[in-house]
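The structure under discussion appears below in the form of structure tokens.
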Amino acid sequence: MSASWDASRAQEIVNKYLPIKGPMLPILHALQEEFGFISDEAMRLVAQSLNVTRAEVYGVVSFYHDFRQAPAGRHVLKICRAEACQSVGGEAHANALLQSLGLKWGETTPDGRLTVEPVYCLGLCACGPNAMLDGEPRARLDAQALHALAEEAA
Amino acid sequence: MRIFVPRDAVSLALGADLLAAAIAAEAARRGVAAKIIRNGSRGMFWLEPLVEIETPEGRTGFGPMTLADVAGLFADPASHPKALGLVEALPFLAKQQRLTFARCGIIDPLSLADYRAHGGLAGLERARGMSAEAICAEITKSGLRGRGGAGFPTGVKWETVRKAEAPQKYIVCNADEGDSGTFADRMILEADPFCLIEGMAIAGRAVGASQGYVYCRSEYPNGIKIFNEALAIAQETGLLDGFALELRVGAGAYVCGEETALLESLEGKRGMVRAKPPIPALRGLFGQPTVINNLISLATIPYIMAQGAEAYASFGMGRSRGTMPVQLAGNIKHGGLFETAFGITLGELVNEIGGGTASGRPVRAVQAGGPLGAYFAPAQFDTPYDYEAFAARNGLIGHGGLVVFDDTANMAAMARFAMEFCAHESCGKCTPCRIGSTRGAEILDRVVAGASRPGDLDLVKDLCETMKFGSLCALGGFTPYPVLSAITHFPEDFGGAALPLAAE
Ligand SMILES: Cc1cc2nc3c(=O)[nH]c(=O)nc-3n(C[C@H](O)[C@H](O)[C@H](O)COP(=O)(O)O)c2cc1C
Ligand code: SF4
Ligand code: FES
Ligand code: FES
Numbered sequence: 001m002s003a004s005w006d007a008s009r010a011q012e013i014v015n016k017y018l019p020i021k022g023p024m025l026p027i028l029h030a031l032q033e034e035f036g037f038i039s040d041e042a043m044r045l046v047a048q049s050l051n052v053t054r055a056e057v058y059g060v061v062s063f064y065h066d067f068r069q070a071p072a073g074r075h076v077l078k079i080c081r082a083e084a085c086q087s088v089g090g091e092a093h094a095n096a097l098l099q100s101l102g103l104k105w106g107e108t109t110p111d112g113r114l115t116v117e118p119v120y121c122l123g124l125c126a127c128g129p130n131a132m133l134d135g136e137p138r139a140r141l142d143a144q145a146l147h148a149l150a151e152e153a154a
Numbered sequence: 001m002r003i004f005v006p007r008d009a010v011s012l013a014l015g016a017d018l019l020a021a022a023i024a025a026e027a028a029r030r031g032v033a034a035k036i037i038r039n040g041s042r043g044m045f046w047l048e049p050l051v052e053i054e055t056p057e058g059r060t061g062f063g064p065m066t067l068a069d070v071a072g073l074f075a076d077p078a079s080h081p082k083a084l085g086l087v088e089a090l091p092f093l094a095k096q097q098r099l100t101f102a103r104c105g106i107i108d109p110l111s112l113a114d115y116r117a118h119g120g121l122a123g124l125e126r127a128r129g130m131s132a133e134a135i136c137a138e139i140t141k142s143g144l145r146g147r148g149g150a151g152f153p154t155g156v157k158w159e160t161v162r163k164a165e166a167p168q169k170y171i172v173c174n175a176d177e178g179d180s181g182t183f184a185d186r187m188i189l190e191a192d193p194f195c196l197i198e199g200m201a202i203a204g205r206a207v208g209a210s211q212g213y214v215y216c217r218s219e220y221p222n223g224i225k226i227f228n229e230a231l232a233i234a235q236e237t238g239l240l241d242g243f244a245l246e247l248r249v250g251a252g253a254y255v256c257g258e259e260t261a262l263l264e265s266l267e268g269k270r271g272m273v274r275a276k277p278p279i280p281a282l283r284g285l286f287g288q289p290t291v292i293n294n295l296i297s298l299a300t301i302p303y304i305m306a307q308g309a310e311a312y313a314s315f316g317m318g319r320s321r322g323t324m325p326v327q328l329a330g331n332i333k334h335g336g337l338f339e340t341a342f343g344i345t346l347g348e349l350v351n352e353i354g355g356g357t358a359s360g361r362p363v364r365a366v367q368a369g370g371p372l373g374a375y376f377a378p379a380q381f382d383t384p385y386d387y388e389a390f391a392a393r394n395g396l397i398g399h400g401g402l403v404v405f406d407d408t409a410n411m412a413a414m415a416r417f418a419m420e421f422c423a424h425e426s427c428g429k430c431t432p433c434r435i436g437s438t439r440g441a442e443i444l445d446r447v448v449a450g451a452s453r454p455g456d457l458d459l460v461k462d463l464c465e466t467m468k469f470g471s472l473c474a475l476g477g478f479t480p481y482p483v484l485s486a487i488t489h490f491p492e493d494f495g496g497a498a499l500p501l502a503a504e
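Here the protein sequences line up with chains C and P, keeping their order.
Following the working numbering, the numbering of the first sequence begins with 1 at its first residue and continues without gaps.
Following the working numbering, the numbering of the second sequence begins with 1 at its first residue and continues without gaps.
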């Protein structure tokens with residue numbers, strides 16, 4: 001579970017990376033790891049600490065697919081949509097799962113349990129279709145295995 | 001007894017941690033003194049999880065292993081239903097020329113003693129006795145070309161950085177590996193991380209750079225973890241000799257694999273592609289001269305320095321010297337990493353080495369070189385694996401990925417996907433890339449739905465021409481290749497008549 005916003009904890013995280021060159025991405029990754037997403041307060045704090053405009057921080061946060069501006073569900077399932085996984089039927093399995101959950105890509109179940117997101121290749125391309133649940137890679141996911149994986153995240 | 005259970009991402013994704021625990025428990029139950037080593041993968045992914053047991057004759061393999069297969073490993077290994085015999089003798093491995101991947105899957109990735117015992121650090125030691133100029137010359141002589149996609153001679157790039165005068169120079173390893181169908185970088189990170197560290201330290205000496213960065217995609221958490229563990233060991237043991245090295249994690253942007261976008265990202269900015277010139281070799285990271293190389297280019301340096309430029313250049317054909325770690329992926333029976341001298345044909349790779357499709361249906365298409373690479377039809381399977389031969393067929397080798405599709409693939413849908421992917425990943429700097437790809441996907445949507453209007457395909461072709469010539473980088477500039485090759489080789493999927501079989 002992610003922690004709720006805590007300005008002094010956030011400042012501590014930011015300070016840890018201030019001495020390195022090009023600290024922006026490491027800071028954003030660390031803040032997201034701690035708080036689950038990059039809030040407005042977080043962006044303001046980063047801007048102040050790095051002495052850049054808030055627009056610049058926002059520009060970076062919004063450019064990268066990894067950074068969230070709103071919390072995700074308790075579990076995040078990233079399903080690979082790239083070519084090698086498509087070649088073994090991944091797209092159909094993914095669509096079936098989304099339909100059964102009543103979700104579109106990027107959405108979260110109403111109970112806040114699961115967010116389903118696309119990812120473009122996990123480097124497991126000879127064992128597709130593949131996905132990643134809460135950072136753990138999973139391979140050879142036929143329709144049934146993918147459903148089971150989505151259920152597993154309770 | 002030494003037992004090897006890989007900790008590479010594929011094996012983990014198939015339950016290798018549970019398997020390793022079960023093997024340890026079973027050994028304990030039987031009172032067998034077993035040492036479990038978590039190696040990298042051998043790169044035969046259809047056999048993963050592949051467990052190996054050391055015997056006086058060599059390492060014998062068992063795979064793909066499940067928990068139910070564990071007890072039998074101890075009871076009667078010879079007649080185990082998953083027994084594969086001596087791993088090194090398996091044809092998929094025996095047919096390879098493993099230079100860059102020589103240690104991959106064999107050693108414990110975090111054992112420096114293993115690394116040394118298998119030839120590691122010999123290259124760095126030799127480099128320490130050579131001038132910077134001589135190291136660059138050696139790399140040039142080896143004929144090594146960049147393995148990230150563009151195929152630029154590595155030694156020439158290094159020489160440019162060496163000659164540049166600046167207070168600070170950098171070595172940057174491009175481990176963004178965003179191409180679908182590729183996993184070579186990941187395998188080195190997970191199976192032989194010291195090899196990359198050694199290659200980067202040699203590069204630092206060759207050009208006078210005291211700081212290096214590895215930029216790794218965030219989709220590789222396991223590789224990041226193993227590399228960082230190896231880096232800590234290298235730093236503790238003083239291996240790096242003053243060369244500072246750090247791994248930075250990307251944030252899910254394909255375009256950050258493009259070298260200038262990567263540098264922007266390392267600097268903490270949006271990953272927007274820079275116009276060239278200036279080239280990164282002269283003004284790269286933080287405006288300083290920078291070597292930016294693909295991970296495989298850098299991981300090949302230790303071999304070249306240890307065995308000599310001639311040894312490396314003796315492999316290959318034409319201007320493609322040495323070996324390429326070809327990555328067989330998608331709908332393929334024997335998927336994995338096959339390192340081979342250039343010159344083998346595409347058909348041999350797909351059908352003989354790869355064994356055709358996993359589904360058992362006929363091969364219909366192969367996408368070579370990632371999402372910006374062309375689709376090849378079986379009629380072109382005589383193409384030798386060589387930079388120039390692929391280019392002559394409007395294709396590219398790229399980072400070495402081959403993604404196989406069977407006859408159920410809809411090539412209009414794949415062309416549409418190429419456009420959609422470009423739209424999704426565009427950095428937004430060029431209109432043809434940003435807007436053109438969105439329009440392209442819309443038009444191809446109609447084609448896929450069977451509702452195309454007259455002139456739609458001409459429109460797509462025009463759009464492709466505009467993208468080719470009006471894009472700053474290869475994302476917009478090369479997306480036309482998968483699209484046009486699909487239209488050319490598979491016209492029947494775009495509402496046209498099929499090509500006669502022999503006409504291509
Ligand atoms: C959109 C795009 C994505 C790229 N992705 C990668 C990548 O993931 N890894 C890589 O090494 N090169 C990638 N490249 C190529 C790099 O720009 C660059 O040519 C390479 O890092 C140079 O290293 P090399 O000479 O060792 O190949 C990409 C290029 C483009 C245009
Ligand atoms: S071609 Fe696309 S990705 Fe490349 S610089 Fe232009 S807009 Fe950016
Ligand atoms: S918009 Fe970034 S993953 Fe779809
Ligand atoms: S394409 Fe899905 S893991 Fe590579």
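Even glycine gets a Cβ: it sits at the ideal position worked out from N, Cα and C.
Not a single heavy atom of ligand 2 lies less than 7 Å from the C-beta of P/GLY370.
For P/ARG186, the nearest beta carbon of chain C is closer than 8 Å to its own beta carbon. Using a CB distance cut-off of 8 Å, P/TYR254 counts as an interface residue toward chain C. Among the residues facing chain C, P/ALA441 is not included, as its CB has no counterpart in that chain under 8 Å away. Shown here for C/GLY106: same chain residues with a beta carbon closer than 6 Å to its own, the five before and five after excluded, namely GLU117 in chain order.
For P/TYR215, there is no enclosing alpha helix (DSSP H); the enclosing beta strand (DSSP E) has its first and last residue at 211-216.
For a cut-off of 8 Å, the C-beta gap from P/ILE301 to P/GLY199 is around 4 Å, short enough to register as a contact.
P/THR237 sits exposed, since fewer than 16 C-beta atoms from the chains shown fall within 10 Å of its C-beta. Closest option to P/LEU298, judged by alpha-carbon separation, among P/ASP114, P/VAL172 and P/GLY250: P/VAL172.
For C/GLU12, not one C-beta of chain P is nearer than 8 Å to its own C-beta.
Around the beta-carbon of C/GLY135, fewer than 16 other beta-carbon atoms lie within 10 Å, marking it exposed.
When P/SER265, P/PHE494, P/LEU444 and P/TYR385 are compared, the shortest CA-CA separation from C/LYS21 is found for P/SER265. The DSSP-derived three-state label of P/LYS225 is helix. DSSP, reduced to helix, strand and coil, places C/GLN69 outside both helices and strands of the structure shown, so it counts as coil.
Beta-carbon to beta-carbon, P/TYR215 and P/ALA253 are separated by about 11 Å, too far to satisfy the 8 Å threshold. Every unbroken stretch of the beta strand (DSSP E) spanning 3 or more residues and falling wholly within the stretch 312-374 of chain P is given here in chain order: 323-330, 336-341 and 363-368. For the stretch 27-109 of chain C, the full-length beta strand (DSSP E) segments reaching 3 residues or more read 75-80 along the chain. C/SER87 is a Cβ neighbour of P/PHE405, given a cutoff of 8 Å. Taking 8 Å as the upper bound for CB-CB distance, P/ASP386 and P/GLY318 are in contact here, some 6 Å apart. The C-beta separation of P/ALA368 from P/ILE397 comes to about 7 Å, placing the pair in contact by the 8 Å criterion.
DSSP places P/LYS163 within a helical segment (H, G or I) once states are collapsed to three. Non-local beta-carbon contacts of P/ALA94 in its own chain, meaning distances under 8 Å to residues more than five positions away in sequence, involve GLU88 in chain order. Of the other Cβ atoms in all chains shown, 16 or more fall within 10 Å of the Cβ of P/ALA281; this residue is therefore buried. In the three-state reduction of the DSSP assignment, P/MET44 falls in the strand class. Straight-line measurement puts the Cα of P/CYS430 at about 7 Å from the Cα of P/LEU472. Of the residues assessed, P/ARG186 falls on the buried side of the cut-off, its CB having 16 or more other CB atoms within 10 angstroms. Taking the Cβ of P/GLY476 as the reference point, at least one heavy atom of ligand 2 falls within a distance shorter than 7 Å.
With a threshold of 8 Å between beta carbons, P/ARG147 makes no contact with chain C. Under the 8 Å Cβ criterion, the stretch 130-141 of chain P counts as touching the stretch 302-314 of chain P, having at least three qualifying pairs. Contact residues of the stretch 250-283 of chain P toward chain C are ALA251, GLY252, ALA253, TYR254, SER265, LEU266, GLU267, GLY268, LYS269, ARG270 and GLY271 (C-beta to C-beta distance below 7 Å). Annotation: the continuous beta strand (DSSP E) that includes C/VAL116 extends over 114-119. Counted as a single uninterrupted DSSP element, the beta strand (DSSP E) harbouring P/ALA175 occupies residues 170-175. Look at the stretch 84-114 of chain C: the residues with a C-beta under 8 Å from a C-beta of chain P are ALA84, CYS85, GLN86, SER87 and VAL88. Excluding five sequence positions before and after P/GLY63, the CB atoms of its chain that fall closer than 7 Å to its own CB belong to LEU47, GLU48, PRO49, LEU50, VAL51, LYS82 and LEU84, given in chain order. Residues of chain C whose Cβ lies closer than 8 Å to the Cβ of P/LEU328 are, in chain order, ALA126.
Taking C-alpha positions only, P/LEU263 is separated from P/GLY250 by approximately 11 Å.
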